[in-house]
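Heads up: the sequence shown at position 172 corresponds to 958 in my numbering, and the numbers run straight through without jumps. Notes follow the structure.
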Amino acid sequence: MEKVKSYANIAIIKYWGKKDKQKMIPATSSISLTLKDLYTETEIEFIDDAEIKKEVEKNGEKFSGVRDLFFLNSELQDKIHTEKISKVVDLFRTQENEKNKKVKIKTTNNMPTAAGLSSSSSGLSAIIKACNKLFKKNLSQEQLAQISKYGSGSSARSFFGPVAAWDKDSGEIYKVKTDLKLAMIVLVLSKSKKDVSSRDGMERCVKTSTYFEEWVEQSEIDFENMKKYLQDNDFEKVGKLTEENALRMHRTTETSNPPFSYFLPQTYKAMEFVKNLRDKDSEKCYFTMDAGPNVKVLCLEEDLERLAGIFSKKYEIIMSRTVEL
Ligand code: DP6
């Protein structure tokens, strides 16, 4: 049995839209922080058909036809969920003698799943890392990241840290240089599953948003500027651009047909709270949001404990430093 741990990442310049779905070329380049305290632990082992049969018989119809066994937070996943994971494992079942190998995967997230807390980035990257070990492929982090993007685009950035980039033009995924010690505080505003997955959401935006072209153009400028601000260790500029880029991404949802939004009333309130802390109390903190209602606050590691103290009076929070990978 092999065991691995992988970390979630949260983008400060967002990947939102695919230029080529099959080749997994993103419409926008992105930059993210890889978070030490938002992680997935995954165990993987080979199993035989008899074990699959036994589990299916025990658990019922919904599970019949699964090719592998996939337990998420101790719960056996149904055929639809398992098939998604089996397709990821297929990326490693490439040799003739590997084609019929079945696996059992046990995954545990230390955060709510599918609430826009990026559990997919740590989950997918963990499965990729686990398969690399189990199938003894010996692939580099860069090679694994390139495989991982086929499972989920954002997961590719989880192979590098503390800061990772995914370049839409070169296709490269790499570590970005900065001396800034960054951190994040997640304000958990809702734990329910999102209505529109990031995959479906971005597709609707690509197809129908009247703002999409502008988003892509501005995002290219944002990406270059962000790399420069990180290199210059200019936290204020990094923070400001993080907010602007997130708001631009969410404008593509509002300008889609039909329009939609990931925000809840409490999302707006939390954004306002972050802004007030900055403007009135001179705290260094900035917000970003993904395909869900939760707000993530970007700050410096040196301010993390104090800011966490402030936010935790009002919100359930998860705070995290970044991890060096
Ligand atoms: C808003 O990586 O979940 O979190 O490639 O279709 O699996 P797929 O999408 P996914 O999209 C992430 C979108 C985002 C922004 C980001 O992480 O860059």
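The C-beta atom is built at its ideal place from N, Cα and C for all residues, glycine as well.
CA-CA distance, residue i and residue j?
{"i": "K885", "j": "R985", "result": "28 Å"}
{"i": "D1018", "j": "K1061", "result": "24 Å"}
{"i": "A901", "j": "E837", "result": "Caution is warranted here: a pLDDT of 49 is assigned to A901, below 50, making its placement in the model unreliable, and the coordinate value is therefore given only provisionally. Roughly 32 Å between the two C-alpha positions."}
{"i": "Q863", "j": "L855", "result": "8 Å"}
{"i": "I796", "j": "S816", "result": "10 Å"}
{"i": "E928", "j": "R943", "result": "10 Å"}
{"i": "K791", "j": "Y825", "result": "7 Å"}
{"i": "T1038", "j": "A1077", "result": "12 Å"}
{"i": "K789", "j": "N924", "result": "15 Å"}
{"i": "I1096", "j": "P812", "result": "37 Å"}
{"i": "R1064", "j": "C1071", "result": "6 Å"}
{"i": "E958", "j": "A951", "result": "8 Å"}
{"i": "E1102", "j": "S940", "result": "25 Å"}
{"i": "E1030", "j": "K839", "result": "51 Å"}
{"i": "K934", "j": "S1098", "result": "Just to set this straight, residue 934 is Ser in the shown sequence, not Lys. Cα to Cα, the separation comes out at about 34 Å."}
{"i": "K848", "j": "D834", "result": "20 Å"}
{"i": "P1044", "j": "R990", "result": "9 Å"}
{"i": "K888", "j": "I799", "result": "38 Å"}
{"i": "S978", "j": "L1050", "result": "12 Å"}
{"i": "K809", "j": "F1009", "result": "21 Å"}
{"i": "E999", "j": "N859", "result": "40 Å"}
{"i": "K954", "j": "F1046", "result": "26 Å"}
{"i": "N845", "j": "F1021", "result": "51 Å"}
{"i": "E861", "j": "D981", "result": "22 Å"}
{"i": "K1014", "j": "S850", "result": "52 Å"}
{"i": "Q881", "j": "D965", "result": "43 Å"}
{"i": "N883", "j": "K1100", "result": "55 Å"}
{"i": "T893", "j": "S926", "result": "22 Å"}
{"i": "G803", "j": "K919", "result": "31 Å"}
{"i": "R879", "j": "K873", "result": "10 Å"}
{"i": "M970", "j": "E869", "result": "33 Å"}
{"i": "Y960", "j": "Y1048", "result": "29 Å"}
{"i": "Q1052", "j": "K1066", "result": "20 Å"}
{"i": "K1059", "j": "T994", "result": "Here the sequence assigns Phe to residue 1059, which means Lys is not the residue at that position. Cα to Cα, F1059 sits roughly 32 Å from T994."}
{"i": "I1007", "j": "K1023", "result": "14 Å"}
Suppose contacts are defined by Cβ-Cβ distances below 8 Å. Is residue i in contact with residue j by that definition?
{"i": "E1069", "j": "L1033", "result": "no"}
{"i": "K967", "j": "E1091", "result": "no"}
{"i": "G947", "j": "V842", "result": "no"}
{"i": "T996", "j": "T1041", "result": "yes"}
{"i": "I1104", "j": "V992", "result": "no"}
{"i": "M1057", "j": "W1001", "result": "no"}
{"i": "A931", "j": "F945", "result": "yes"}
{"i": "C917", "j": "V852", "result": "no"}
{"i": "L1027", "j": "V962", "result": "no"}
{"i": "L910", "j": "V1081", "result": "no"}
{"i": "S1106", "j": "D823", "result": "yes"}
{"i": "S908", "j": "Y1054", "result": "no"}
{"i": "E831", "j": "K890", "result": "yes"}
{"i": "I871", "j": "I913", "result": "yes"}
{"i": "G1025", "j": "L1084", "result": "yes"}
{"i": "V949", "j": "L819", "result": "yes"}
{"i": "M787", "j": "E829", "result": "yes"}
{"i": "L877", "j": "Y936", "result": "yes"}
{"i": "T814", "j": "S1005", "result": "yes"}
{"i": "S906", "j": "S938", "result": "yes"}
In the DSSP output, which residue or residues are listed as bridge partners for residue i?
{"i": "S792", "result": "T826"}
{"i": "L862", "result": "F857"}
{"i": "K804", "result": "P812"}
{"i": "S1106", "result": "M970"}
{"i": "L1016", "result": "Per DSSP, none; premise fails for L1016."}
{"i": "I833", "result": "K888"}
{"i": "S984", "result": "According to DSSP, S984 bridges with nothing at all."}
{"i": "I1007", "result": "Paired residue(s): none; I1007 is not in a bridge."}
{"i": "T868", "result": "The partner list for T868 (beta bridge, DSSP) is empty, contrary to what the question assumes."}
{"i": "A797", "result": "S818"}
ask   = Under a criterion of Cβ closer than 5 Å to any non-hydrogen atom of ligand 1, which residues qualify, in chain order?
value = A797, K800, Y801, S816, S938, G939, S940, S984, R985, D1076, A1077
inquiry  = Could you tell me which whole beta strand (DSSP E) segments of length 3 or greater appear in the region 890-972?
reply    = 949-952, 959-961
request  = Only counting runs of 3 or more residues, tell me where the beta strand (DSSP E) segments fall wholly within the region 1019-1089, in order along the chain.
outcome  = 1072-1075, 1081-1086
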